[in-house]
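*Asks:* Going by our numbering, the sequence shown opens with residue 202, and the numbers climb by one from there.
Quick reminder that beta carbons are idealized off the backbone N, C-alpha and C, glycines included.
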Amino acid sequence: MRAAVFTLAPLALALPAQAQQTAGNRLDQVVVTASRMPQRLGDVLADLTVISRAEIERQAFGSVADLLRNAGCAELVRNGGPGSTTSLFLRGADSRHTVVLLDGVRIDSQSTGGASWQAIPLANVERVEVLKGPASAVYGSDAVAGVVHIISRKSNGKSAAPRLELGAAYGSLSSIKADAALSGGNARFDYMLTVAAEESKGFNATTPQSAFSYVPDIDGWSNYSSTLRLGSTVASGHRVELLALVARTDAQYDGSSSRPTVDDHAIQNNRALRASWAAQWSDALRTELSVGDGRDRYETTPSPYLTETTLRNVALLGSYRLSPTQQLNFQLERSEDRLLNSGLRTGGNDQRSQNAAGLGWLYQGQRFDLQAHARHDDYSEFGGVNTGTLAGGFKLMDGLRAYASLGNAFRAPTLYQRGSIYGPDLGKPGVAALEAERGRNRELGLRWDGGGYEIGATAYLNKISNLIVFGAAGSCNSSFGCYQNVARAELKGLSLSGSAQLGIVRLSGTLDFSSPKDASTGLLLARRAERHGTLRAETTLGNWLLGAAVQASAQRWDNAANTRKLGGYGLANFDVQYRLSPQLRLQANLDNAFDREYQTAYSYQQAPRTLFLGLRFTPAN
Numbered sequence: 202m203r204a205a206v207f208t209l210a211p212l213a214l215a216l217p218a219q220a221q222q223t224a225g226n227r228l229d230q231v232v233v234t235a236s237r238m239p240q241r242l243g244d245v246l247a248d249l250t251v252i253s254r255a256e257i258e259r260q261a262f263g264s265v266a267d268l269l270r271n272a273g274c275a276e277l278v279r280n281g282g283p284g285s286t287t288s289l290f291l292r293g294a295d296s297r298h299t300v301v302l303l304d305g306v307r308i309d310s311q312s313t314g315g316a317s318w319q320a321i322p323l324a325n326v327e328r329v330e331v332l333k334g335p336a337s338a339v340y341g342s343d344a345v346a347g348v349v350h351i352i353s354r355k356s357n358g359k360s361a362a363p364r365l366e367l368g369a370a371y372g373s374l375s376s377i378k379a380d381a382a383l384s385g386g387n388a389r390f391d392y393m394l395t396v397a398a399e400e401s402k403g404f405n406a407t408t409p410q411s412a413f414s415y416v417p418d419i420d421g422w423s424n425y426s427s428t429l430r431l432g433s434t435v436a437s438g439h440r441v442e443l444l445a446l447v448a449r450t451d452a453q454y455d456g457s458s459s460r461p462t463v464d465d466h467a468i469q470n471n472r473a474l475r476a477s478w479a480a481q482w483s484d485a486l487r488t489e490l491s492v493g494d495g496r497d498r499y500e501t502t503p504s505p506y507l508t509e510t511t512l513r514n515v516a517l518l519g520s521y522r523l524s525p526t527q528q529l530n531f532q533l534e535r536s537e538d539r540l541l542n543s544g545l546r547t548g549g550n551d552q553r554s555q556n557a558a559g560l561g562w563l564y565q566g567q568r569f570d571l572q573a574h575a576r577h578d579d580y581s582e583f584g585g586v587n588t589g590t591l592a593g594g595f596k597l598m599d600g601l602r603a604y605a606s607l608g609n610a611f612r613a614p615t616l617y618q619r620g621s622i623y624g625p626d627l628g629k630p631g632v633a634a635l636e637a638e639r640g641r642n643r644e645l646g647l648r649w650d651g652g653g654y655e656i657g658a659t660a661y662l663n664k665i666s667n668l669i670v671f672g673a674a675g676s677c678n679s680s681f682g683c684y685q686n687v688a689r690a691e692l693k694g695l696s697l698s699g700s701a702q703l704g705i706v707r708l709s710g711t712l713d714f715s716s717p718k719d720a721s722t723g724l725l726l727a728r729r730a731e732r733h734g735t736l737r738a739e740t741t742l743g744n745w746l747l748g749a750a751v752q753a754s755a756q757r758w759d760n761a762a763n764t765r766k767l768g769g770y771g772l773a774n775f776d777v778q779y780r781l782s783p784q785l786r787l788q789a790n791l792d793n794a795f796d797r798e799y800q801t802a803y804s805y806q807q808a809p810r811t812l813f814l815g816l817r818f819t820p821a822n
């Protein structure tokens, strides 16, 4: 952290005189992820990135995980094409240490731990908010590294006449994409229905390095999804909403080189349901009551493997304005987790419940801000967990703010880790139950927005203890081996981001220096790079929108022992849009333009050069 101070201080001194100008409108946009209640982006005392609908529509190849990597928010690891098993490392933490929400519904697998990124559809998304840093004091379990909140599209309610949007694209690997959105409504009622489909013949997901599973064939994928969102203003200040999402991903993979003629498929079905009632009772009091249900179902065929996670949640969130400078946030929550998996000792079924209560206090002065959050989670299986976050911000000048925070977080053991045949055998003496993984984080940040420039820098140190790993046979009174709380990790780094308007060209970029290490051995964590970054330039010339981007990652180790190296890589992507009319535009994307061969996981190939051509019709409001 001392090093971070010396890094950030010269940056503050070097800012040009334009910093005296008022921060741009970007800081006035409303976000909901930092505190689970509406809040101006400029008031957030954390590293928060907002990815807009325009950025989503600009991407042709890949999924939500690719979108986050392209925006410089996280590192991506994937076993083949977009439909294959995908992990996302936020600030170097494991994939399971990031809370993933779809319109407030938790997306998680109690079998593998973490969200099934490959199954989250992109075409239905309005924006994505990425909060980096521990947030268990607001969200409970899993938010050790941060929160990714995916917010689906909804009607603007400006006209009762139906509004139809259409998009279609064709590209390399015999890939076809199509999506449609039907919306409408008025001041009383509105609706949005979206459907999307994607199919690709794909490419060979494995390389000859994989002696066990390599098959010289083509592994394709498909994804189909639909979202329905209904909203009604039942009275002044009172709005009810209903959201339903279904998505299905089918990805081919190579199960075994000894069965070259067998066509293996991994099928992922996701479902999210949510009903909510937001009420503005007075100028000071606002509440939101919601009921959510999420399902993650994964199966392989013809091999008989099936696992299904169901997460149910009831939450009452609220805020009360104590004074013009102070606000109190509160939350009451109950969650129920259920896992269906044949590997459980409980006959294939296991479940648990947890109750939680939290408070947050937000103070906003002329130059100094202070925010504090505290939460207590009570689990049916291992008792209570207390978490808290304290953050302070200081306005150095108009548009320039420094902030610092302290916080802790936790991740509860998955139901599979706790209850499988590899879980702790509580019937044997001396064998303890698994404990929650714990994280302790401190960070220091600087953010400046003004004069057409934006600069952000965040230094962080996150120490994670009680990490759950699989111990070999004999290490835990089990002939199979079992899961144990024996590992520790230290995640530290410096994240830089910035953008500038230079004439007709807008530049933006990110750069991360990190040191994600196993604290007990000093070795780097598997598949994490010590440096990765992005750079993008775009400009508008008449009816043309031209963009070019580079994403790069340094070398990584594929295994925990740091003996098998994955080379660094750099990818160049280009995109062009031409507006044929106010409602119709033509789009072309060239990704991995120089056809770079690279791996994010040993023996698994990544996509070659791809070219997409598409049309999008968006009627005027």
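DSSP three-state label for Trp-196, please.
*Replies:* Because residue 196 is not part of the residues shown, which for the chain are 202 to 822, the question remains open.
*Asks:* How far does the alpha helix (DSSP H) with Arg-259 in it extend, from its first residue to its last?
*Replies:* 254-259
*Asks:* Taking buried to mean at least 16 other C-beta atoms within 10 Å of its own C-beta, is Glu-798 buried or exposed?
*Replies:* exposed
*Asks:* So, do the region 485-497 and the region 517-529 have three or more beta carbon pairs nearer to each other than 8 Å?
*Replies:* yes
*Asks:* Could you check which residue in Ser-384, Phe-611, Val-345 has the C-alpha nearest to that of Leu-291?
*Replies:* Val-345
*Asks:* Can you look up Asn-271 in the DSSP assignment and give me helix, strand or coil?
*Replies:* helix
*Asks:* With H, G and I counted as helix, E and B as strand and the rest as coil, what does DSSP make of Leu-242?
*Replies:* helix
*Asks:* Excluding sequence positions up to five away, which residues of its chain have a Cβ less than 6 Å from the Cβ of Ala-379?
*Replies:* Ala-369, Ala-398
*Asks:* Among Ser-312, Gly-305, Leu-323, which has the Cα closest to the Cα of Tyr-340?
*Replies:* Gly-305
*Asks:* Leaving out five residues on either side along the sequence, give the residues of the same chain with a beta carbon under 7 Å from the beta carbon of Ser-581.
*Replies:* Arg-553, Ser-554, Gln-555
*Asks:* Arg-810 by DSSP, collapsed to three states: which one?
*Replies:* coil
*Asks:* Between Arg-307 and Val-278, what straight-line distance do the alpha-carbon atoms span, to the nearest angstrom?
*Replies:* 21 Å
*Asks:* Taking all protein chains shown into account, do 16 or more other C-beta atoms lie within 10 angstroms of the C-beta of Lys-766, making it buried, or fewer, making it exposed?
*Replies:* exposed
*Asks:* Is the number of C-beta pairs between the region 243-256 and the region 326-334 that are closer than 8 Å three or more?
*Replies:* yes
*Asks:* Based on Cα-Cα distance, which residue from Arg-639, Gly-594, Gly-624 lies nearest to Gly-608?
*Replies:* Nearest in C-alpha terms to Gly-608, of all of Arg-639, Gly-594, Gly-624, is Arg-639.
*Asks:* Counting Cβ pairs, one atom from each stretch, are 3 or more of them under 8 Å apart for the region 422-429 and the region 378-397?
*Replies:* Contact annotation: the region 422-429 touches the region 378-397, with at least three C-beta pairs closer than 8 Å.
*Asks:* Hey, quick one: how far does the beta strand (DSSP E) through Leu-444 stretch, first residue to last?
*Replies:* 439-454
*Asks:* If contacts are defined as beta-carbon pairs under 8 Å, then Thr-735 and Gly-710 qualify, I think. What distance do you get, rounded to the angstrom?
*Replies:* Thr-735 to Gly-710, Cβ: 6 Å. Contact.
*Asks:* Since Pro-717 and Arg-707 are thought to touch, with beta carbons under 8 Å apart, how far apart are those beta carbons, to the nearest angstrom?
*Replies:* No, Pro-717 and Arg-707 are not in contact; Cβ-Cβ is about 31 Å, not under 8 Å.
*Asks:* What residue from Ala-382, Leu-443, His-733 has the CA that sits closest to Gly-771's CA?
*Replies:* His-733
*Asks:* In terms of residue numbering, what span does the beta strand (DSSP E) encompassing Ala-592 cover?
*Replies:* Start and end: 584-598.
*Asks:* State buried or exposed for Gln-469, treating a residue as buried only when at least 16 other CB atoms are found within 10 Å of its CB.
*Replies:* Flag for Gln-469 reads buried.
*Asks:* Figure out for me which residue from Thr-287, Leu-791, Pro-820 has the closest Cα to the Cα of Arg-810.
*Replies:* Here the closest residue by C-alpha is Leu-791.
*Asks:* Once you ignore the five residues that flank Leu-242 on each side, which residues in its own chain have a CB closer than 8 Å to its CB?
*Replies:* Arg-227, Leu-228, Asp-229, Gln-230, Val-231, Val-232, Leu-249, Val-251
*Asks:* Could you tell me the boundaries of the beta strand (DSSP E) in which Arg-619 lies?
*Replies:* It is not in any beta strand (DSSP E) - Arg-619 instead sits in the alpha helix (DSSP H) that spans 616-620.
*Asks:* Return the bridge partner residues of Pro-717 from the DSSP annotation.
*Replies:* Note: Pro-717 sits in a beta bridge opposite Leu-692.
*Asks:* When the distance is taken between beta carbons, is Asp-570 closer than 8 Å to Gly-594?
*Replies:* Their beta carbons are under 8 Å apart, which means Gly-594 touches Asp-570 by this criterion.
*Asks:* Taking the alpha carbon of Leu-444 as the point to measure from, which residue in Ala-476, Gln-784, Leu-383 has its own alpha carbon closest?
*Replies:* Ala-476
*Asks:* Give me the Cα-Cα distance between Arg-472 and Glu-500, rounded to the nearest whole angstrom.
*Replies:* Looking at the backbone, the Cα of Arg-472 and that of Glu-500 are separated by about 15 Å.
*Asks:* For Ala-294, tell me which candidate among Gly-273, Leu-692, Gly-624 has the shortest Cα-Cα distance.
*Replies:* Leu-692
*Asks:* Should Leu-523 and Gly-493 be called a contact, given that it needs their Cβ atoms to be closer than 8 Å?
*Replies:* no
*Asks:* For Gly-273 versus Ser-698, is the C-beta distance shorter than 8 Å?
*Replies:* yes
*Asks:* Spatial neighbours of Leu-781 within its chain, please: CB distance less than 7 Å, with the 5 preceding and 5 following residues excluded, ordered by chain position.
*Replies:* Leu-787
*Asks:* Measure the CB-CB distance between His-389 and Thr-462 and report whether it falls below 8 Å.
*Replies:* Looking at the sequence shown, residue 389 is not His but Arg. Cβ distance not < 8 Å, so Arg-389 and Thr-462 don't count as in contact.
*Asks:* At which residue ranges does the region 479-507 contain complete beta strand (DSSP E) runs of 3 or more residues, listed in the order of the chain?
*Replies:* 486-502
*Asks:* From what residue to what residue does the alpha helix (DSSP H) around Ala-338 run?
*Replies:* 337-340 is the span of the alpha helix (DSSP H), which, as asked, contains Ala-338.
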